[in-house]
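Under full-length UniProt numbering, think of the first position of the sequence shown as 1, with each following residue one higher.
Using N, Cα and C, we set each Cβ at its ideal position, and we do this for glycine too.
Taking it in order: structure first as structure tokens, then the write-up.
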Amino acid sequence: MHTDLSKALLLFIDDDRLQRKLFPEVLEPLGAEILTAANAENAMDILSDRRPGLILCDAVMPVTDGFQFCRRLKDDPATRDLPFAIITSLSRNVTERSLEAGADDCFLKRGSEDLLRLRVRELLGIAGGGFGISEPLEAFAGARVVAASDSPLLLSQISLQVAPAGIHLDTCATAGELLDRLDGPPPALLVVDASLSNGQLREIIASVRSQPTWAGVPILAVVDKGEEPEPGIPVDDWITKPLDGREARRRITMGLRFGKAGARR
């Protein structure tokens, strides 16, 4: 069962009037209340009266851009805990600039709408669970992550991200090995290669979700470049091959935060 976001509040900031119309329509299926602002000052007026569970802000705006506004909020003790994601049509260095500004995530305007909804739901779920949105991966030392893939390279890449943080990685080379583990204790996060078992991701995830003790485990899918999971497969996030180490680390960390908040239960 997904988090009930009917009481969640989201603030979307963009100087483009068309974007202020289109983005709320994309996010409407989440059920959250969505407020819009045309610039940083309009947003500050809203923040003086309302406290959103997530701020989505365009990167490029006149006067105060998204990076500057993020720094402004993160430097203020009254607003630094507000989850903040930057949305952009830029492609070069935007993720690094966003993280340097203190943003919790970064989304592409021309990216997958399904992925946008998943990650917004994830951020709102973490915030709604009352857990720190900025906890580092090391905060989950001792947690167990299960990774299922028939690619030794992919499993090695995942291990390189989680092992230094003190996270135990339990690997499965086949779908059968993963299904055998469903009788055991659930992990904090499940990472599944969409190519596993000749691409039978839907059947694998259905089996995982049907096991009561595993039903609430966050699932991070790994898909081939340019692809995404089939519609309706209940994963919580996905990343593409070949893995970028920093992005994989961020997505694994976000999945662990999501699970800790109990946001999928």
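Query                                                                                                                    : Result
Thr213 versus Val235: straight-line alpha-carbon distance, rounded                                                       : 16 Å
Residues that DSSP places opposite Ile167 in a beta bridge                                                               : Answer is none; Ile167 lacks a bridge partner.
Under 7 Å between C-beta atoms of Leu196 and Ser149                                                                      : yes
Every unbroken beta strand (DSSP E) within the region 38 to 85, with a cutoff of 3 residues, ordered by chain            : 54 to 58
Own chain residues within Cβ distance below 7 Å of Arg119, not counting five before or after                             : Asp105, Phe107 and Asp237
Beta-ladder partner(s) of Leu214, from DSSP                                                                              : According to the sequence provided, residue 214 is Trp. The question's Leu does not apply to it. DSSP lists no partner for Trp214.
Neighbourhood of Leu56 by C-beta, 6 Å cutoff - its chain only, sequence neighbours within 5 removed                      : Phe12, Ala85 and Ile87
Straight-line Cα distance separating Ala139 from Gly232                                                                  : 32 Å
Coil, strand or helix - Arg110 by DSSP                                                                                   : coil
Neighbourhood of Arg117 by C-beta, 8 Å cutoff - its chain only, sequence neighbours within 5 removed                     : Val26, Leu27, Pro29 and Leu30
Whole-Å CB distance - Asp114 paired with Glu228, under 8 Å assumed                                                       : 7 Å
Minimum C-alpha distance to Thr79 - residue among Val191, Pro164 and Asp49                                               : Asp49
Thr174, buried or exposed, once every other Cβ within 10 Å from all chains shown has been counted against 16             : exposed
Cβ-based burial, Val191 [other Cβ within 10 Å; buried from 16]                                                           : buried
Reference Arg144; option with closest CA among Leu73, Asp81, Val217 and Ile205                                           : Val217
Nonlocal neighbours in the same chain, by C-beta distance under 6 Å from Ala221, ignoring five residues either side      : Val192, Ala194, Pro229, Val235 and Trp238
Alpha helix (DSSP H) segments (min. 4 residues) lying fully within the UniProt domain "Response regulatory" (144 to 256) : 152 to 162, 175 to 180, 196 to 199 and 201 to 210
Cβ neighbour criterion (16 or more within 10 Å) applied to residue 337                                                   : There is simply no residue 337 to check, as the chain begins at 1 and stops at 265 in what is shown.
Element boundaries [beta strand (DSSP E), containing Leu22]                                                              : Looking at the DSSP string, Leu22 is not in any beta strand (DSSP E); the run it does join, the alpha helix (DSSP H), is Arg17 to Leu27.
Nonlocal neighbours in the same chain, by C-beta distance under 6 Å from Ser6, ignoring five residues either side        : Gly31
Delimiting residues of the beta strand (DSSP E) encompassing Leu10                                                       : Leu9 to Ile13
CB-CB length for Cys70 against Ala103, believed under 8 Å                                                                : 5 Å
Inter-residue Cα distance where the pair is Phe67 and Pro152                                                             : 38 Å
CA-to-CA distance, Val63 to Met1, given in whole angstroms                                                               : Since pLDDT at Met1 reaches only 40, below the 50 mark, its modelled position is unreliable, and no value is offered.
Any non-hydrogen atom of the ligand MG closer than 6 Å to Ser197 Cβ                                                      : As far as ligands go, the structure on display features none, and thus does not contain the ligand MG.
Sequence-distant residues of the same chain with beta carbon closer than 6 Å to Pro186, five excluded per side           : Thr213, Trp214 and Val217
Given Leu73 as reference, the closest of Met61, Ala101 and Asn93 once Cα atoms are compared                              : Ala101
Three-state class that DSSP yields for Glu33 in the structure shown                                                      : strand
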